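Engineer: Okay, here's the structure, questions in a sec.
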Amino acid sequence: MSNKVENNKAWFLVLPVFVLVAFSAIVPMMTVVNYSVQDIFDQYTRVFVGTDWFRDILRDDRLHDALLRQVIYSLCVLLIEIPLGIGVALCMPKKGIWSSACLILLALPLLIPWNVVGTIWQIFGRADIGLLGWSLNAMGLEYNYAGNPVDAWLTVLLIDVWHWTSLVALLCYSGLRAIPDVYYQAARIDRASSWAVFRYIQLPKLKSVLLIGVMLRFMDSFMIYTEPFVLTGGGPGNATTFMSQTLTTMAVGQFDIGPAAAFSLVYFLIILLVSFVFYTAMTHADKDA
Amino acid sequence: MNWMAWTLPTVAFFSIIAVILVCMTVWEVRSPCVDRRGFLPISTTRGDRLFIGLLVSAYIHLAVIGLTEWSIWIAFGVSLVWMFIVMKWG
Chain A
1 MSNKVENNKA WFLVLPVFVL VAFSAIVPMM TVVNYSVQDI FDQYTRVFVG
51 TDWFRDILRD DRLHDALLRQ VIYSLCVLLI EIPLGIGVAL CMPKKGIWSS
101 ACLILLALPL LIPWNVVGTI WQIFGRADIG LLGWSLNAMG LEYNYAGNPV
151 DAWLTVLLID VWHWTSLVAL LCYSGLRAIP DVYYQAARID RASSWAVFRY
201 IQLPKLKSVL LIGVMLRFMD SFMIYTEPFV LTGGGPGNAT TFMSQTLTTM
251 AVGQFDIGPA AAFSLVYFLI ILLVSFVFYT AMTHADKDA
Chain B
1 MNWMAWTLPT VAFFSIIAVI LVCMTVWEVR SPCVDRRGFL PISTTRGDRL
51 FIGLLVSAYI HLAVIGLTEW SIWIAFGVSL VWMFIVMKWG
């Protein structure tokens, strides 16, 4: 028998946080669940419809398309930004004034708000007054993000790469600096090639940092809203209308609160699943290390 | 609470979730559990298994609603069986 006194009163200190989270997340979430099973006409008139909204939105082609575009977009973002970020981090100077200069330069895009980035690129890409749009057209390349879906897509992708590759690069840079020098010394003794150093020392050591980077970039790109909205408003057609914009149109534009609630719950479940998988992978990567 | 637009099924849903959470807490205090490895690819605690079970149950419901014309109660039954399996052998 141990004589240790157990005192769990400190748990009450969590109470304020719990109240805050309840106010800002749990209660609104419950309300969304309530909305999703009803057809709401006004404050006093609402009809219970069961799972009809879920049936509708799960079979809605418009939403399938938005989901498909969203998944492809997020995958493209990850496929470009992660290797590029690693590459930039590897090329950065290791110490001295230039490393500080690089860090500041890389951090600059991260400071700019989404809608400003969207506006910058909206003007930058215009064929009549934008530097990028004008130059491309002057070189004989048809480029018009307002009319051509492929151009709009590439522009939205480019915006995200421009805006957020720095984040991955900064994360990787800090990960690389954390590798002890003995690993490199051992590699030199073994006369390892620079590829072998990258493959067997740097990449494994970057694993946990990269998982954070992948998770952040996935979640951020999965809820992208502002950039395509500012650039073309989701157009041309529906080419750059992603999930969050579809949801906003439904909920705030058309006031279809029931279907929008059902849709946002499905959206939530997708993000919950992916985050859980990433989180599990991350914590188990730490356990293995 | 009228502004939250409650309905009987959603009240039942959240009450059951709350009861499950309270029961799990009491169970944990009575007999703290340890990580163990079942058929899932990771070692899990009781709470992990509950979360995985509920998350998969949600997807089972979505699949039945989205892909079939079956009654929602079939999804519910399948989920109960799945919850039992994952809590016991997960």
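So the protein sequences, as listed, match chains A and B. Mapping of the first sequence onto the UniProt record's numbering: residues 1 to 289, in sequence order. Mapping of the second sequence onto the UniProt record's numbering: residues 1 to 90, in sequence order. By construction, the Cβ of each residue, glycine as well, lies at the ideal position given by its N, Cα and C atoms. The model shown is predicted, which means the values in this text are computed figures rather than measured ones.
1) Can the beta-carbon of residue 245(A) be found less than 8 Å from the beta-carbon of residue 228(A)?
2) Thinking C-beta only, is residue 90(B) closer than 8 Å to residue 38(B)?
3) If we count the other Cβ atoms within 10 Å of its Cβ and call it buried at 16 or more, is residue 65(B) buried or exposed?
4) Spell out whether any CB of chain A is found under 8 Å from the CB atom of residue 14(B).
5) Is DSSP giving residue 151(A) helix, strand or coil here?
6) Quick one: what's got a C-beta closer than 7 Å to residue 50(A)'s C-beta in the same chain, skipping five residues either side?
7) Can you grab the Cα-Cα spacing for the pair residue 177(A) / residue 94(A), in whole Å?
8) At the 8 Å Cβ level, is residue 9(B) part of the contact set with chain A, yes or no?
9) What residue range is occupied by the uninterrupted alpha helix (DSSP H) comprising residue 197(A)?
10) Using only the alpha-carbon positions, how far apart do residue 15(B) and residue 35(B) sit?
11) How long is the line joining the alpha carbons of residue 188(A) and residue 197(A), rounded to whole angstroms?
12) Cβ closer than 7 Å: which chain B residues qualify as neighbours of residue 35(A)?
13) Between the Cα of residue 171(A) and those of 201(A), 46(A) and 81(A), spot the shortest distance and give me the residue it belongs to.
14) Under the three-state reduction of DSSP, which class applies to residue 245(A): helix, strand or coil?
15) Find out if the Cβ-Cβ distance for the pair residue 169(A), residue 96(A) is shorter than 8 Å.
16) How long is the line joining the alpha carbons of residue 35(A) and residue 262(A), rounded to whole angstroms?
17) Spell out the partners DSSP gives residue 48(A) in its beta bridges.
18) Quick one, are the C-beta atoms of residue 291(A) and residue 32(A) less than 8 Å apart?
19) Is the CB-CB distance between residue 57(B) and residue 82(B) below 8 Å?
20) Skipping 5 residues on each side, what residues in its chain have a beta carbon closer than 7 Å to that of residue 153(A)?
21) Taking 8 Å as the CB-CB limit, is residue 214(A) close to chain B?
22) Secondary structure at residue 126(A), three-state DSSP: helix, strand or coil?
Structural biologist: The answer reads as follows:
1) yes
2) yes
3) buried
4) Answer yes: the Cβ-Cβ gap between residue 14(B) and chain A drops below 8 Å somewhere.
5) Reduced to three states, the DSSP call for residue 151(A) is helix.
6) 37
7) 8 Å
8) Taking a beta-carbon distance threshold of 8 Å, residue 9(B) counts as an interface residue toward chain A.
9) First-last of the alpha helix (DSSP H) with residue 197(A): 194–197.
10) Approximately 28 Å between the Cα atoms of the pair.
11) In a straight line, the C-alpha of residue 188(A) is about 9 Å away from that of residue 197(A).
12) 5
13) 81(A)
14) In the three-state DSSP reduction, residue 245(A) falls in the helix class (H, G or I).
15) no
16) 8 Å
17) Per DSSP, the beta-bridge partners of residue 48(A) are 38(A).
18) A query on residue 291(A) cannot be resolved here, the shown segment of chain A reaching from 1 to 289 and no further.
19) yes
20) 239 and 240
21) So, not an interface residue.
22) The answer is coil: DSSP assigns residue 126(A) none of H, G, I, E or B.
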